[in-house]
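FYI, the numbering for the sequence shown is 333 to 811, going by the numbering used here.
Every residue, glycine too, gets a C-beta built ideally from N, C-alpha and C.
Since the structure is predicted, the reported quantities are computational estimates derived from the model, not experimental observations.
Structure record follows, encoded as structure tokens.
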Amino acid sequence: MALLARVSGSTRQISNNRFYKFYANCVCSKLYRKAPTSFASGIQSSVSARYASSGKSPSTEKQDKYVFYEEIMSRRRDQARRSVLIQVQSENSSYELYDYCSQFGKVQEMHHYKIGDNLSFILIEFNLLSDVEAINSASTHIQVDQNLPVTSPFLWFRVVPNRVRKDFVDKDIPLKVINANVASAPDDMNMLLFKAESVSDQMTLLHNATKLNETGTRLRFLSARQIELCLSGMFSEVTVLPFGSSVNGCGKLGSDLDLVLQMHPHLKENVQSRLVYYTKASSNPDRAQTQKVMEIIANIIDHFLPGISSVKKILHARVPIIKFNQTLTNLECDLSMSNTTSIYMSELLYLYGELDWRVRPLIFTVRSWARYMKLTNNYPGHWITNFSLTLLVLFYLQQKQILPSLQKLIELADKNDVRIADGDVNCTFLRDISKLPQASSRNEDDLETLLTDFFIYYSNFDFTTKSISLNAGDGTAKN
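Take a look at the structure:
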């Protein structure tokens, strides 16, 4: 199964002996037990040793009903279709903007955020798609002799001189958040962690404070929607989907946005139709055709789409990508094409994160520690990635009987779970986690214990002779 090949390939560098020696020196249990401040300083500067006491996170809290990955993607894409992003003077413009936009349809939600000190934006979700169409019909372009009149979900709210201001004091508007943090961890992160009563509580706080929030998630899907709208006039079936950490539940504030463009994901020939579209046949091989199309798309978004800047074409990489910044949503983006396998990999990681509440806090803590220890880097190179660290955590939790092996998920799959990506890649695995058999005994370790044992486990793991396998859920001998 090629999906597994990516899992194994992503951890290959972890098995390197030279890397192992460096890694083992960093993660030995002394880091945590004998010098608790060494670990703590990786997350905050002054946690007292008294906070190293055992702490239980609310594992007994009622779990939310499991929502299928495809259902979440469908709901988020629908939200983006019914949304617009409007630049305003400040959050104080929200009442007037609500009053103005309400004439076109019902405003369902409003999210305010800032970029820097001067730029304020409000993301508005309407109740119906027709409401957004009404907004588009009522909006205007200015200086059309100097600017290309592109229609997109990104607008700005023009100030009307000498306009009599209404009194909105008692008006109730659906403004869900003001000054939403969409960029980085809060400034008082250290203080939040210092006040925690245990390391387990610190790990939960770290996760909750730095994970991708509602506003950030909406902006990512709206950024995808902008490109999708741009291309939909020519390619009626085109989709642009976020993948990776933006949707797998491990996303962090300020992280990059990975996008995959699919020209015709569900297009099939209707043999009953007698009318057939004329199209242009391609004489280029698949890879050359992909590179050519992506070069054209890069030029289109660079020259025509508002907010997009710093476009770079990296077309000769193993997976050709277009890198760009979307300045209006404050995102650095990577766009690939027809990389469907990455979508199902995101679904698999999302599923694992939903199986146990401890998975994501542990992943966030290990990533934070690795960043502090300078094991990871924002730039490509010969160092471990957050994705590989995530796989290490998942494999470790398989050893703890907290997560099932991928092979187990494959065995339990039925015909509704069959997925074939990129032509011949089998990405079939169980999608409905309610069908997983209950374990005879449940691991109840708190986060602190899991973190300590994570370091001990990999300090003792023989990377010289073995590799980790999420497929088997066990270490496998190297060939």
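Where residue i falls, given that 16 or more other Cβ within 10 Å makes a residue buried
i, result
"T760", "buried"
"Q478", "exposed"
"F636", "exposed"
"S426", "buried"
"S642", "exposed"
"V750", "exposed"
"S385", "Reliability of the predicted coordinates at S385 is poor, the pLDDT of 36 falling under 50, and the value obtained from them is presented with this limitation in mind. By the neighbour-count rule (16 or more Cβ atoms within 10 Å), S385 is not buried but exposed."
"H598", "exposed"
"L460", "exposed"
"N792", "exposed"
"M535", "buried"
"H714", "exposed"
"A630", "buried"
"S700", "buried"
"D533", "buried"
"T672", "buried"
"N424", "exposed"
"N709", "exposed"
"Y790", "buried"
"N811", "exposed"
"L768", "exposed"
"A809", "exposed"
"I628", "exposed"
Closest by C-alpha distance to residue i, when choosing among the options
i, options, result
"A515", "L599, L660, S668, D410", "L660"
"T611", "M566, V725, D520, C582", "M566"
"E664", "P574, V603, E402, C562", "P574"
"S737", "F719, L762, T784, S674", "L762"
"L451", "N662, T673, E601", "N662"
"E569", "L707, T781, L593", "L593"
"I742", "H596, L802, Q435", "L802"
"S564", "K740, V476, T483", "T483"
"K732", "L779, Y704, T697", "L779"
"M626", "S605, I640, I653", "I653"
"F489", "L782, T472, I675", "T472"
"D431", "D504, A528, I675", "D504"
"I675", "S799, C433, T571", "T571"
Cβ distance (whole Å) where residue i is taken to contact residue j below 8 Å
i, j, result
"Q658", "S587", "Actually they do not touch by this definition, with Cβ atoms about 14 Å apart."
"S668", "V651", "5 Å"
"E441", "K508", "5 Å"
"N540", "N513", "Their Cβ separation, rounded to whole angstroms, is 12 Å, which puts N540 and N513 out of contact at 8 Å."
Cβ-Cβ distance between residue i and residue j below 7 Å
i, j, result
"N758", "S678", "no"
"D666", "D590", "yes"
"F317", "R414", "In the structure as shown, the chain begins at 333 and stops at 811. Residue 317 is therefore absent and cannot be evaluated."
"Q558", "P617", "no"
"Y416", "I467", "The sequence as given places Val at residue 416; Tyr does not occur at that position. A contact, by the Cβ cut-off of 7 Å."
"R552", "S577", "no"
"Y398", "I765", "yes"
"Q730", "G805", "yes"
"L687", "L744", "no"
"L813", "I418", "There is no way to answer for residue 813, as the model of the chain reaches only from 333 to 811."
"A517", "T547", "no"
"I286", "C582", "Limits of the chain in this structure are 333 at one end and 811 at the other, which puts residue 286 out of reach."
"A702", "L724", "no"
"D463", "F436", "yes"
"Y711", "F786", "no"
"D401", "Y682", "What sits at residue 401 in the sequence shown is Tyr, not Asp. Taking 7 Å as the Cβ cut-off, Y401 and Y682 qualify as a contacting pair."
"I646", "F656", "no"
"V476", "I456", "no"
"A528", "L537", "yes"
"K446", "N494", "no"
heavy atom of the ligand MG below 6 Å from residue i C-beta
i, result
"W488", "This structure lacks the ligand MG; in fact it carries no ligand of any kind."
Min CB distance residue i to chain C below 7 Å
i, result
"N803", "Here chain C cannot be found, since the structure has a single protein chain."
As an exercise, report each continuous beta strand (DSSP E) stretch of at least 3 residues that is fully enclosed by the segment 578-650, in chain order. 589-594, 640-646
What are the complete alpha helix (DSSP H) segments, minimum 4 residues, inside the segment 400-460? Qualifying alpha helix (DSSP H) stretches, in chain order: 401-413, 426-433.
Which full runs of the beta strand (DSSP E) of 3+ residues lie inside the segment 701-727, going along the chain? Here no run is fully enclosed.
What ranges does the alpha helix (DSSP H) occupy inside the segment 724-764, keeping only unbroken runs of at least 4 residues that lie completely in it? 738-743
List in chain order: all unbroken beta strand (DSSP E) runs of 3+ residues lying wholly within the segment 658-688. Counting only runs of 3 or more, we get 663-669.
In chain order, each beta strand (DSSP E) run of at least 3 residues that lies wholly inside the segment 459-515: 486-488, 507-512
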